[in-house]
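What follows is one structure encoded as structure tokens, with my remarks underneath.
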């Protein structure tokens, strides 16, 4: 009739009777240290300079928010798990010499 399983409907009704609302309860556990705004700022830093290091990003973040202290490891964790970037060392790529350019043509 509603297109939802019976168990879902019963769960919502029970939650409404129990708490007076159909909203989910807050998730237990330690809150994230970086707010969504600070995470977006990290993504912005990396987008502008993709060869930057996590230590430099940590310094910029700590300078922007003086009362805030975040570690390099936390920045790496956020980049890897929340923003889906690959944390690795930047490569130095040698430039082509004129002989290489001619060989490619």
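Numbering (this note's numbering), first residue to last: 21 to 125. Heads up, the beta-carbon is just placed ideally off N, CA and C, and yes, glycines get one too.
Neighbour-count burial assignment, residue i, 16 or more Cβ in a 10 Å radius
i           : result
residue 112 : exposed
residue 121 : exposed
Nonlocal neighbours in the same chain, by C-beta distance under 6 Å from residue i, ignoring five residues either side
i           : result
residue 66  : none
residue 103 : 63
Separation of residue j from residue i, as counted between CA atoms
i          : j          : result
residue 37 : residue 60 : 39 Å
residue 47 : residue 41 : 16 Å
residue 39 : residue 33 : 10 Å
residue 95 : residue 63 : 11 Å
residue 57 : residue 84 : 12 Å
residue 76 : residue 87 : 18 Å
Any chain D beta carbon closer than 9 Å to residue i
i          : result
residue 43 : Judged by its chain identifiers, the structure shown contains no chain D, having just a single protein chain.
Selection from the options that minimises the alpha carbon distance to residue i
i          : options            : result
residue 98 : 53, 89, 119 and 34 : 53
Sequence-distant residues of its chain with Cβ nearer than 7 Å to residue i (five each side left out)
i           : result
residue 153 : The requested residue 153 does not occur in the structure, where the chain is confined to residues 21 to 125.
residue 35  : 42
residue 82  : 88, 89 and 90
residue 80  : 65
Host alpha helix (DSSP H) of residue i (start-end)
i          : result
residue 70 : Element bounds for residue 70: n/a, residue is neither H nor E.
residue 85 : No alpha helix (DSSP H) contains residue 85, which DSSP labels as neither H nor E.
residue 26 : 26-39
residue 94 : 92-97
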